[in-house]
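Under our numbering, the residues of the sequence shown are numbered 1193 to 1393, in order.
A short worksheet on the structure shown next.
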Amino acid sequence: MTGPEGGLRGSGAGDGSGSGLGRSLRGRLLVSHAALRELEFRHTVVLVGEHDDRGAVGVVLNRPLDPTVAEAVPPLAGVVDPGSPLFEGGPVAPEEPVLLVEADTPDVLDVPVFGSIGFMVGEVSEDLRTRLLRARVYAGHAGWGPGQLDSEVEAGAWILDDARAEDVFTDTPELLWSQVLERRGPEWASMARVPFDPTMN
């Protein structure tokens, strides 16, 4: 498994102690600041899957696409609920599906992220499928080179928050950005109401 440009690295990845922030952001949420105008990440909530001195990898949680998983990635249709949409995971390798799951125990996961939630790589056997509680499939992922995410966080482009299972598998992904901001406290309420199109504000 490769680095940020090619996907998740798996169990051989570092612990993040070499990152510029001095700690790994694996398992944290990146909530885009309302001032971030880059369309690829505007109003996004990203789950960080890996973060160390070699860079970072994550998936955007709140951008469902029109096609279902069954239509777009038939081999993974049996892993998700019928009718589940494909999600836009990020701008890197959008042709490559990324499988994020909640399992009955963490040892099932190829790339643990937090709790019993993490990534599966390659084919998922029938035996493994019985141990998956929930799953989502993403087209592509978000990737940062060495020190890039650290610099963006320090510059205020991203707001950090703890990830929860209900964030990953929310039934209302279109509301997730506002919901995560609002739960941080009343001082974030005004930002949570900023529209996607800043000209409408």
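C-beta: ideal position from N, C-alpha, C; glycine also.
Check: What three-state label does DSSP hand A1269 in the structure shown?; Outcome: coil
Check: What is the rounded straight-line gap between the Cα of G1204 and the Cα of D1244?; Outcome: Residue placement at G1204 is poorly supported in this model, since its pLDDT is 40, which falls under 50; the coordinates are not used for a value here.
Check: Around the C-beta of F1388, are 16 or more other C-beta atoms found within 10 angstroms, so that it is buried, or is it exposed?; Outcome: exposed
Check: Give the range of the alpha helix (DSSP H) segment to which R1375 is assigned.; Outcome: 1368-1375
Check: Where does P1286 sit, in a helix, a strand or coil, going by DSSP?; Outcome: strand
Check: By Cβ distance, which residues of its chain are closer than 7 Å to P1286, with the 5 residues on each side in sequence left out?; Outcome: A1331, G1332
Check: Considering only the alpha carbon of each residue, which of A1355, W1336, T1362, S1382 lies closest to F1233?; Outcome: W1336
Check: Can you look up S1209 in the DSSP assignment and give me helix, strand or coil?; Outcome: Unreliable placement is indicated for S1209, whose pLDDT of 48 sits below 50; no coordinate value is reported for it.
Check: Look at G1310 and V1303 and say whether their C-beta atoms are less than 8 Å apart.; Outcome: yes
Check: Which residue wins for smallest C-alpha separation from D1296, given the options V1290, D1319, E1280, F1279?; Outcome: D1319
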